[in-house]
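Residue numbers (the working numbering): 112 to 792.
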């Protein structure tokens, strides 16, 4: 009886995350209706595609006993139908995995990308292609599967000492994902000619030549799904807070391990078979909740159905749009193009019974003397600035450039150093404000969608204007950044800018813009490589004017930062506590968001959107014992500046005369440091 009561209490708590209005309160009518609409669209598109390839009278024969002398029947039987089956299997698996991850980690932003599996598989394939192509003879799926489970092992190793607590798993997964993704992106930038084929696989390609992939996936997905459905009761108990679950004698570590292992197995099988298909896991689980699936059992049924229907409809749409060239267009990216607008359209209709339960901070030690930590950062920064400006390779080897030798070098070194310092500091402050506003450790400027909006503006400028100079690119990126912010604010306005709604809107916008970029990259257009260099945080094109402008904006914005510190101390307490202190929640959230947007837009225009400083720097400061808003903000700003200056310097000299984008180097530097801190504490 106690266990049943705990389950009911857990379900009531989870239902308070997201409760649709009116008709959808008691039954998942909205989810069922949405599934029916997606299925109808997919069926119509499938019939249309089949009509193009084969007369209707031959459909049954091509399915059961195709005439091998009729190439049309052979193509339908061995290419079209296996592709349809794979889309259904992969979509359902990702939807189920996303639901389990959100339940186990108690985070509405948890998705297959959270635990680093996709990035691990991608990195394994890239390394095998470059270093040991013979491994691919055993099958691409086995190499990808090995990389996926190695990434999972790293996540477990970093979070095991915390009993696989939701916060520790989320942070470990993010760090592993960022680190593996940065290494993979660096390899692509440096060895583009060898890894170009991974662009399409990395965006999810469902093209098939026989039934082998379907037969490989079916038993593996079926076994993992069966294990999940046998764990419905334990998984439901994981919705309780840790103290409540332990009071009932629930072995949290064992249940979390089992749930995570089953979900990650589903993701790994999909990634190994067809590549990285992003957004489906998050979208399917979220749409199921928006559609009224309150109980975990309902979500575990409806999320796979929605995921399968979404991927099926998207893939059939790709084939209608591209015809015989459909294999060259990544279906995973197209799925985001379909699912992201759908999620954005539904979000304003989402009613929140109460705020999503924020992940509470770990009990980290507080610095007895935070001034000493800040002083250490403050001393390290000028030393690093001196190295970045004076030390580097020259005609006589590695030397300090002084006096006459320094003059010609300063003209191009100091603008990059100033821009990197300013951008790193602004992104760090923006990340701190986002994490304290939302109470979510996964929140960062990238998640809000502003960075992706800037990337879209840059992309439009590059692909629509033959000779887009830097001023035009900057203007386009600015327009894109603030357009994304306006969309996010419009969606969140009805709910007083509730954190969960804002984060989901930002994730949907980011997925939409990233999908467009992946589609363009997969086409092989040379302008896509220019965009990729900017996306990875390059400071190549920074001139004196851009550096001074970025530095001036940073100084002006930092002058306003102290005004936000009191709010940042109390916002993590929740809206009820904030209102009890006489603070206007809606106005406060809006002002914080506008500050975050200004910081993010100004820095993104210089170093691109993928530095991840906004995610790493606040965690580094917090894990060094800086707990209150003001010292943590100061520590995060100094840490962000240090990482970006070091990254720009190392990127310039590591493989001189070639260069590595500063954003990639920043992740490569900050990732191991954050891993060490996670493991140490």
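Heads up, the beta-carbon is just placed ideally off N, CA and C, and yes, glycines get one too.
- Beta-bridge analysis with DSSP links residue 509 to 504.
- Beyond the five residues adjoining it in sequence on each side, residue 587 comes within less than 7 Å, by CB distance, of 568, 569, 571, 572 in the same chain, given in chain order.
- In the three-state reduction of the DSSP assignment, residue 742 falls in the helix class, which pools H, G and I.
- Pairing residue 413 with residue 404 gives a Cβ-Cβ distance under 8 Å.
- Under the Cβ criterion (8 Å, minimum of three pairs), the segment 336–347 counts as touching the segment 209–217.
- Close CB contacts of residue 707 within its chain, under the 7 Å cut and outside five residues either way in sequence, are with 541, 544, 545, 556, 559 (chain order).
- Taken through DSSP and simplified to helix, strand or coil, residue 245 comes out as helix.
- Under the three-state reduction of DSSP output, residue 342 falls in the coil class, being neither helix nor strand.
- Secondary structure note for residue 177: it is in no alpha helix (DSSP H), with a DSSP letter that is neither H nor E.
- Judged by pairs of C-beta atoms under 8 Å, the segment 678–698 does not touch the segment 714–728, as fewer than three such pairs exist.
- Burial check for residue 249: the Cβ neighbour count within 10 Å stays below 16, so the residue is exposed.
- Closest by C-alpha distance to residue 195, out of 442, 169, 296, is 442.
- Non-local beta-carbon contacts of residue 747 in its own chain, meaning distances under 6 Å to residues more than five positions away in sequence, involve 539, 543, 728, 729, 732 in chain order.
- Residue 743 is classed as buried because its beta carbon has at least 16 other beta carbons within 10 Å across all chains shown.
- In the pairwise beta carbon analysis, the segment 255–263 is classified as not touching the segment 695–702: fewer than three pairs are separated by under 8 Å.
- Counting of Cβ neighbours within 10 angstroms places residue 773 among the buried residues, the total reaching 16 or more.
- Residue state for residue 252 is assigned as helix, using DSSP reduced to three classes.
- Judged by beta-carbon spacing, residue 535 lies within the 8 Å limit of residue 756, meaning their Cβ atoms are closer than that value.
- Proximity to residue 452 across 183, 602, 230, 686 peaks at 602, based on C-alpha coordinates.
- Between the C-alpha atoms of residue 233 and residue 366 there is a straight-line separation of about 28 Å.
- DSSP places residue 787 in the helix class (H, G or I) of the three-state scheme.
- The closest CA to that of residue 377, considering only 362, 424, 329, is found on 329.
- Looking at the backbone, the Cα of residue 225 and that of residue 410 are separated by about 19 Å.
- Here residue 764 has 503, 504 as same chain residues with Cβ atoms under 7 Å from its own Cβ, once five neighbours each way along the sequence are excluded.
- Taking the Cα positions, residue 705 is about 12 Å away from residue 675.
- The beta carbon of residue 170 is closer than 7 Å to those of 161 in its chain, skipping five residues each way along the sequence.
- Here residue 509 is exposed, its C-beta having fewer than 16 other C-beta atoms within 10 Å.
- Cα atoms of residue 155 and residue 191: separation of roughly 15 Å, rounded to the nearest angstrom.
- The criterion of a C-beta distance shorter than 8 Å is satisfied by residue 653 and residue 530.
- In the DSSP annotation of this structure, the continuous segment of the alpha helix (DSSP H) that includes residue 366 starts and ends at 363–385.
- The beta carbons of residue 762 and residue 289 sit no closer together than 8 Å.
- Annotated three-state conformation of residue 322 is coil, per DSSP.
- Under the rule that a run must span 4 or more residues, the alpha helix (DSSP H) segments found entirely inside the segment 526–585 read 561–575.
- Comparing C-alpha distances from residue 656 to each of 616, 527, 146, 269 shows the shortest one belongs to 527.
- Secondary structure note for residue 698: its alpha helix (DSSP H) is the uninterrupted segment 696–718.
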